[in-house]
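Engineer: Under the numbering used here, residues 106 to 207 are what the sequence shown spells out, in order.
Idealized CB from N, CA, C, for every residue including glycine.
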Amino acid sequence: MMKDAMDTVEFAKALADETRQKIMAICCCKQLSVTEIVEALDVTQPTVSHHLGILKRAGLVSTKRRGKEILYTLNQEELADACCNVVVVFAPEVEVSMDKKE
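(1) Measure the alpha-carbon distance for T152 versus N190 and round it to whole angstroms.
(2) Got a sec? Which residues, its chain only, sit under 6 Å from T178 by beta carbon, not counting five neighbours each side?
(3) Measuring only the C-alpha atoms, how far is R170 from F116?
(4) Looking at the unbroken beta strand (DSSP E) that takes in T178, where does it start and where does it end?
(5) Less than 8 Å between the C-beta atoms of N180 and L165, yes or no?
(6) According to DSSP, what are the bridge partners of T124?
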């Protein structure tokens, strides 16, 4: 059974910021702390925390606790689902398929 798809406006807003896109790119396939993200982007910690909050509410990053740190990683499945939902909503005549690499 398919879970409820992310709201297309919420998804678009989450992607609309260049800093959030950079955070998503560097958090792809690895877990990073806020400190590591700050160092990679050369922006302030409050700015990174603000953007991570938006991405987390949108379901686009997942978190895992390591001691006192929280590690962030891109939620690739949610990202793919949300992209497919945009297609379903705005291009309903286009067949959506998810080719998974084995």
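Structural biologist: Looking at the atomic coordinates:
(1) Going from the Cα of T152 to the Cα of N190 covers about 29 Å.
(2) The residues C132, Q136 and S167, in chain order, have a CB closer than 6 Å to that of T178 in the same chain once the five nearest residues on each side in sequence are set aside.
(3) 25 Å
(4) E174 to L179
(5) Inclusion of N180 and L165 in the CB contact set at 8 Å is warranted, their separation being smaller than that value.
(6) For T124, which the question treats as bridged, DSSP gives no partner whatsoever.
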